[in-house]
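Peer 1:
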Amino acid sequence: MQYSEIMIRYGELSTKGKNRMRFINKLRNNISDVLSIYPQVKVTADRDRAHAYLNGADYTAVAESLKQVFGIQNFSPVYKVEKSVEVLKSAVQEIMKDIYKEGMTFKISSKRSDHNFELDSRELNQTLGGAVFEAIPNVQAQMKNPDINLQVEIREEAAYLSYETIRGAGGLPVGTSGKGMLMLSGGIDSPVAGYLALKRGVDIEAVHFASPPYTSPGALKKAQDLTRKLTKFGGNIQFIEVPFTEIQEEIKAKAPEAYLMTLTRRFMMRITDRVREVRNGLVIINGESLGQVASQTLESMQAINAVTNTPIIRPVVTMDKLEIIDIAQEIDTFEISIQPFEDCCTIFAPDRPKTNPKIKNAEQYEARMDVEGLVERAVAGIMITEITPQAEKDAVDELIDDLL
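In terms of UniProt numbering, the sequence shown opens at residue 1 and continues consecutively.
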């Protein structure tokens, strides 16, 4: 027998009261986006559960994708059979013969939404349990905590059987907590920060700063590949490439070396905040981890934050590097992150960056530059690409490959 569908149960949505259907509709759309690589799969959702109809798609692959979608508490693969007692008896026997191992206990759990069916739930439990005993004479029934709980549901259109429950990712459906701009460098930390924001329902757009010719097409592709890894948790992500060469050259020419990193990060924060306004975002998200590098001391964070009043979310701020690496490996971004491509934060990195920069000094050095003009030109030059879970390369990937 082949699975016909996957029954999906919701996570924290049960706490959302009047907004429940908004959360459910968003989750349905996210599931559809993530499963778009399986075009035959169709997704529906109602107030109590969602269904992914396989229509011949490979269950194992679809299930692996579903495990990543935030907002799902658990799910069960389901067999669809004709709604007749004899067909149900045969199906139950076939399933039990396939999964039973010596010494296992079982239970039949039946329920009906079609109350015109010829047997009620208690009678159906007894009838199907008897069929199991006929097929496996030595099997033992157990009502509490059986090894196999074979669930049977009689609906209007057919009967459905399942015995396995698989844990989902939990969290909230991506997009139900508003939009945030993720400052995505290409390192280990920022994709993990993006993942953790997604888990709490934040719809992220990835803002990446590129400084050609100092940064290569490979660095850009690396950032896009990291973004694609994050799409499996909630669907398509907008990738925003910011031209940053002019700004970095200006900082290099007009500021002391010790303040290069501070000023670079202040410009990045300004630009991200300006993009946030245009894109209707609510927060900025980054991968800063306290004390990990010179720009991530409390003094540095204060000096960098001073350019905006927008809330800054730092999901990994209290984690040490090994904790962050563990999550990066779990979400399959680590190997991409360690590819040896330079990013904007490393190409002009000073030997001795200031670890306790002063805001007044940063402002003094910025007074030598046309800050507003530099920011406006960078924002005007952004390029936006929609990154999807699709394995196929998009046009930007192909162009970058040609350049490489």
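Quick reminder that beta carbons are idealized off the backbone N, C-alpha and C, glycines included.
Leaving out five residues on either side along the sequence, give the residues of the same chain with a beta carbon under 7 Å from the beta carbon of Q296.
Peer 2: Working through the sequence shown from its first residue, we reach residue 296 at position 296. Once the five neighbours on either side are set aside, the close Cβ partners of Q296 are E288, S289, L290.
Peer 1: Are the beta-carbon atoms of I384 and Q238 separated by less than 7 Å?
Peer 2: Along the sequence shown, one-based indexing puts residue 384 at 384. Along the sequence shown, one-based indexing puts residue 238 at 238. Their beta carbons are under 7 Å apart, which means I384 touches Q238 by this criterion.
Peer 1: Exposed or buried, K393, counting other C-beta atoms within 10 Å across all chains shown (16 or more means buried)?
Peer 2: Residue numbering aside, residue 393 sits at position 393 when the sequence shown is read from its first letter. Only weak support is given to the placement of K393: the predicted model assigns it a pLDDT of 44, under 50, and the question is left unresolved by the model.
Peer 1: Counting only runs of 3+ residues fully inside the segment 267 to 332, write out the beta strand (DSSP E) ranges in chain order.
Peer 2: The segment 267 to 332 contains these whole beta strand (DSSP E) runs: 283 to 285.
Peer 1: Does DSSP classify P77 as helix, strand or coil?
Peer 2: Position 77 of the sequence shown, counted from the first residue, corresponds to residue 77. In this structure, P77 counts as strand in the three-state DSSP scheme.
Peer 1: Classify N236 as helix, strand or coil using the three-state DSSP reduction.
Peer 2: Counting from one through the sequence shown, the residue named residue 236 turns up at place 236. Correct three-state label for N236: coil.
Peer 1: So which of L119, N19, M181, I31 has the shortest CA-CA distance to R155?
Peer 2: As a working mapping, residue 155 is identified with position 155 in the sequence shown. Nearest option by C-alpha distance: L119.
Peer 1: Note down, one range per segment and in chain order, each alpha helix (DSSP H) of at least 4 residues found wholly within the segment 22 to 68.
Peer 2: Counting whole runs of 4 or more residues, the segment 22 to 68 contains the alpha helix (DSSP H) stretches 59 to 66.
Peer 1: CB V307 to CB R279, shorter than 7 Å?
Peer 2: In the sequence shown, the residue the question calls residue 307 occupies position 307. In the sequence shown, the residue the question calls residue 279 occupies position 279. No, these two residues do not count as a Cβ contact at 7 Å.
Peer 1: Do G175 and L230 have their beta-carbon atoms positioned less than 7 Å apart in this structure?
Peer 2: As a position in the sequence shown, residue 230 is number 230, starting the count at 1. As a position in the sequence shown, residue 175 is number 175, starting the count at 1. Not a contact, by the Cβ cut-off of 7 Å.
Peer 1: Could you tell me the alpha carbon to alpha carbon distance between E86 and A52, rounded to whole angstroms?
Peer 2: Along the sequence shown, one-based indexing puts residue 86 at 86. Along the sequence shown, one-based indexing puts residue 52 at 52. So the alpha carbons of these two residues sit roughly 27 Å apart.
Peer 1: Could you please give me the residues that DSSP links to residue 405 through a beta bridge?
Peer 2: With the chain covering only 1 through 404, there is no way to say anything about residue 405.
Peer 1: For the segment 79 to 95 against the segment 154 to 170, do three or more pairs of beta-carbon atoms, one drawn from each stretch, fall closer than 8 Å, so that the two count as touching?
Peer 2: Yes: at least three Cβ pairs fall under 8 Å.
Peer 1: Excluding the five sequence neighbours on either side, which residues of its own chain have a C-beta within less than 7 Å of the C-beta of F75, listed in chain order?
Peer 2: The residue labelled residue 75 in the question sits at position 75 within the sequence shown. Contacts found: I6, M7, I8, R9, L66, I166, G168.
Peer 1: According to DSSP, is T355 part of a helix, a strand, or is it coil?
Peer 2: Mapped onto the sequence shown, residue 355 falls at position 355. In this structure, T355 counts as coil in the three-state DSSP scheme.
Peer 1: I need the boundaries of the beta strand (DSSP E) containing M383, first residue and last residue.
Peer 2: Position 383 of the sequence shown, counting from 1, holds the residue named residue 383. Start and end: 383 to 387.
Peer 1: Let's see if you can read the secondary structure: which residues bound the alpha helix (DSSP H) around M96?
Peer 2: If you number the sequence shown from 1, residue 96 lands on position 96. Segment 85 to 99, the alpha helix (DSSP H) holding M96.
Peer 1: For a quick check, are the C-beta atoms of L172 and G71 less than 7 Å apart?
Peer 2: Numbered from 1 along the sequence shown, position 172 holds the residue referred to as residue 172. Numbered from 1 along the sequence shown, position 71 holds the residue referred to as residue 71. Yes, these two residues count as a Cβ contact at 7 Å.
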